[in-house]
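Numbering (the UniProt record's numbering), first residue to last: 1 to 285.
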């Protein structure tokens, strides 16, 4: 007896020329990568008839049904979404429950999913290091609140961690190795104080323990939990030194948190998980 398909057969994307800003085309590239990672199971086509929906969304077709992917970092509900049965938010949160047409597409993690396979096959994080990783791509951007928050956390870490602290931008491959051999990674979200950023997604994929403020973003409508998938801190970061010390004194538990985060990523953030979720949504009557 043939089993029911768990993935869509055909995904149609717009061309990346619809994006005026190259950075925004990166979101499209991420979505495309989740399809091409399953090239032996999902056919990918492109159409000139598909385009943007508002400032942060673009329409795709999945087995002939319209779906909008919305990469907005913000919590406001786009009024345009009311016209669509399936509007998938990168930063979906439990606050969107009153809007059943708003679903989840996990936020950007990898462009090239071979990087994820490399993470699975590489060294394992064991919380055996002493370094505290606090590396953001830039503290000088156009998001003043992010700069203020990240600078405040940096000052706290500098005061309490001394020469154990690792800061500054480095190449991605070196960064991953840095994190794997660390005690823990501290991350302060960017455009929103509780957003699930790409670097945290990548740390989850590598199984590294992350210290972070409360994360509100869901992945396929499942939210990572503080104390289970990461070590939570207060919104003012005042307990950051205490949580760093907790990891130092509970290394086995920190390793277990990293492993739970890695399983969360496997279950809710990989191409197979993403397109299975979308297929199930489209099948609901």
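From the three backbone atoms N, C-alpha and C, an ideal C-beta is built for every residue, glycine too.
Asked: From 245, 191, 264 and 57, residue whose alpha carbon lies closest to that of residue 226; Found: 264
Asked: Span separating the alpha-carbon of residue 97 from that of residue 279; Found: 20 Å
Asked: Cβ neighbour criterion (16 or more within 10 Å) applied to residue 58; Found: buried
Asked: Chain-order list of residues whose beta-carbon lies under 6 Å from that of residue 28 (same chain, five-residue window excluded); Found: 16
Asked: Paired residues, beta bridge with residue 286 - DSSP; Found: Coverage of the chain is limited to positions 1 through 285, which leaves residue 286 absent and any answer about it impossible.
Asked: Reference residue 216, options 74, 111 and 236, closest by Cα; Found: 74
Asked: Delimiting residues of the alpha helix (DSSP H) encompassing residue 54; Found: It is not in any alpha helix (DSSP H) - residue 54 carries neither H nor E in the DSSP assignment.
Asked: Residue burial classification, residue 262 (beta-carbon count within 10 angstroms, cutoff 16); Found: buried
Asked: Per-residue DSSP class, three states only, for residue 73; Found: coil
Asked: Which of helix, strand or coil DSSP assigns to residue 46; Found: strand
Asked: For residue 2, three-class secondary structure by DSSP; Found: Low per-residue confidence applies at residue 2: pLDDT is 48, beneath 50, and the placement is therefore not dependable, though the value from the model is reported in the following sentence. Coil, per DSSP.
Asked: CA nearest to the CA of residue 69, picked from 235, 76, 52 and 132; Found: 52
Asked: Complete runs of the beta strand (DSSP E) confined to the segment 199 to 270 [at least 3 residues]; Found: 210 to 213 and 231 to 233
Asked: C-alpha distance - residue 248 paired with residue 132, whole-angstrom precision; Found: 10 Å
Asked: Collapsed DSSP secondary structure at residue 276 in the structure displayed; Found: helix
Asked: Residue of 181, 194, 269 and 24 minimising C-alpha distance to residue 222; Found: 269
Asked: Start-to-end residues for the beta strand (DSSP E) that takes in residue 184; Found: 184 to 186
Asked: Cβ-based neighbour list, residue 84, same chain, cut-off 7 Å, excluding 5 preceding and 5 following; Found: 66, 68 and 101
Asked: Cβ pair residue 198, residue 168 closer than 8 Å; Found: no
Asked: Residue 253 versus residue 260 - alpha carbon distance; Found: 10 Å
Asked: Limits of the alpha helix (DSSP H) - the one that residue 80 falls within; Found: Note, residue 80: premise wrong, no alpha helix (DSSP H); not H, not E.
Asked: Helix, strand or coil at residue 191 according to DSSP, with G and I counted as helix; Found: coil
Asked: C-alpha gap between residue 206 and residue 76, whole angstroms; Found: 31 Å
Asked: Residue 202 burial status per 10 Å Cβ neighbour count (16 or more: buried); Found: buried
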